[in-house]
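First up is the structure itself, then whatever we jot down about it.
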Amino acid sequence: MAHNIAIIVGSLRKDSLNRRVARSICSFAGDILDCGIVEIGDLPLYNQDLDTDPPEQWTRFRQTIAAADGVLFCSPEYNRGIPGVLKNAIDVGSRPYGQSVFDKKPGAIVTASPGSIGGFGANHQIRQAAVFLNMPIMQQPEAYFGHVSDDSFDESGCLKDGPLKDLVMVIAGSFANWVDMIHTSRRLLAEDSAHAAKQREHA
Ligand SMILES: Cc1cc2nc3c(=O)[nH]c(=O)nc-3n(C[C@H](O)[C@H](O)[C@H](O)COP(=O)(O)O)c2cc1C
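Going by my numbering, 32 is the number at position 32 of the sequence shown; the sequence numbering is gapless.
Right, dumping it as C-alpha cells:
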C-alpha cells in the first residue's frame with residue numbers, strides 16, 4: 001500500500017522549480033507514495049500568543065501533517081538558508097510545546113536550485129531543525145539538485161528523461177522504503193511490548 005506523504009514546498013512561486021520537482025515525485029512514484037502538496041503560503045506568522053486560540057490555517061496545516069505517514073521537504077535555498085515561509089511552517093507545526101506534529105514523523109529533504117551547490121545550505125538547515133524535532137530523516141541518498149532550470153521539465157511540468165529524473169526515482173524509492181521501515185519497526189516493537197506485558201500478567 002502506498003504511504004501517505006505530505007510534501008512541504010519552500011517556495012510560493014507559481015513556476016517554482018521545487019514545486020515541479022515535488023510534482024514529478026508525485027507523478028513518478030504514485031504506486032509507492034501517495035503524495036499531496038500541503039500549502040503553506042496562507043499560514044499566519046507563528047506567534048506564541050495565538051497558541052491558545054490558533055488561526056484555522058494553523059489547525060488545518062497541523063492536522064494534515066499529523067495524518068501523514070511521512071513528510072517530504074522540497075525547498076529552494078534563500079541566502080544560503082531556509083526560505084522564511086518554510087521556517088514559519090516548521091515553527092507552526094512544532095507547537096504548542098509538547099504537541100509537535102513532526103515528532104517521530106519520518107522525513108526526507110530535497111533541495112533544488114539553478115546554482116551549482118543545489119541548495120546544500122538550506123538542506124542542512126532543514127535537517128538541523130528536523131533533528132531537534134525528533135524526525136527520523138532519511139540519511140542517504142542526499143538530494144542537492146544543482147543546475148535545475150525550466151529546461152529540466154517538459155510541458156506537463158514533470159522532469160524530462162535524464163540523470164535528474166533517474167535520481168529522483170531512486171530518492172522516491174528509498175524514501176518509500178525508509179517510511180516503511182520506520183513504521184514497520186514501530187509496529188513490531190509495540191507488538192513485542194504488548195506480548196511481554198501479557199506474559200508478565202500470566203507469570
Ligand atoms: C531571496 C532569494 C535568495 C536566493 N538565494 C539563493 C541561495 O542562497 N542559493 C541558491 O542556490 N540560490 C538562491 N536563490 C536563487 C533560487 O535558487 C532560484 O530563484 C530558484 O529558482 C528558487 O526556487 P523555486 O524555483 O523553487 O522558487 C535565491 C533566490 C531568491 C529569490
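Backbone N, C-alpha and C define an ideal beta-carbon position, used for all residues, glycine too.
Could you check where the beta strand (DSSP E) with residue i kicks off and where it finishes?
| i | result |
| --- | --- |
| Ser75 | 70–75 |
| Asn4 | 3–9 |
| Ala190 | Where Ala190 is concerned, there is no enclosing beta strand (DSSP E), although the alpha helix (DSSP H) it sits in stretches over 163–202. |
| Ala22 | Here Ala22 belongs to no beta strand (DSSP E); instead the alpha helix (DSSP H) covers 17–28. |
Candidates the options: which alpha carbon is nearest residue i's?
| i | options | result |
| --- | --- | --- |
| Ala108 | Pro141, Val85, Leu86 | Pro141 |
| Pro83 | Gly10, Ala196, His202 | Gly10 |
| Asn123 | Phe153, Arg80, Ile90 | Arg80 |
| Leu33 | Leu188, Ala194, Gly121, Asn177 | Asn177 |
| Phe132 | Tyr97, Asp31, Ile7, Gly119 | Tyr97 |
| Ala66 | Val21, Cys26, Gly93 | Gly93 |
| Thr111 | Leu72, Ala89, Lys104 | Leu72 |
How far does the alpha helix (DSSP H) with residue i in it reach, from first residue to last?
| i | result |
| --- | --- |
| Leu33 | Run containing Leu33: none in the alpha helix (DSSP H); it sits in the beta strand (DSSP E), 33–38. |
| Val92 | 84–94 |
| Ala67 | 56–67 |
For residue i, does the count of other Cβ atoms within 10 angstroms reach 16, so buried, or fall short, so exposed?
| i | result |
| --- | --- |
| Asn18 | buried |
| Pro106 | buried |
| Gln128 | exposed |
| Met135 | buried |
| Pro76 | buried |
| Ser113 | buried |
| Asp69 | buried |
| Arg20 | buried |
Can you check DSSP and say which residues form a bridge with residue i?
| i | result |
| --- | --- |
| Val212 | Because residue 212 is not part of the residues shown, which for the chain are 1 to 203, the question remains open. |
| Ala108 | Leu72 |
| Ile137 | Gly107 |
Please go through the same chain and pick out, in chain order, the residues whose beta-carbon is closer than 8 Å to the beta-carbon of residue i, but skip the five residues on each side of it.
| i | result |
| --- | --- |
| Arg23 | Ile37, Gly157, Cys158 |
| Leu164 | Phe145, Val148, Ser152 |
7 Å is my cut-off, CB to CB: does residue i come that close to chain D?
| i | result |
| --- | --- |
| Asp69 | Protein chains in the displayed structure number just one, and chain D is not present. |
Return the chain-ordered list of same chain residues with a C-beta closer than 7 Å to the C-beta of residue i, the five sequence neighbours on each side being excluded.
| i | result |
| --- | --- |
| Asp51 | Arg95, Pro96 |
| Gln57 | Asp42, Leu43, Pro44 |
With a CB to CB cut of under 6 Å and the five nearest residues on each side skipped, what residues in its chain are close to residue i?
| i | result |
| --- | --- |
| Ser116 | Gly146 |
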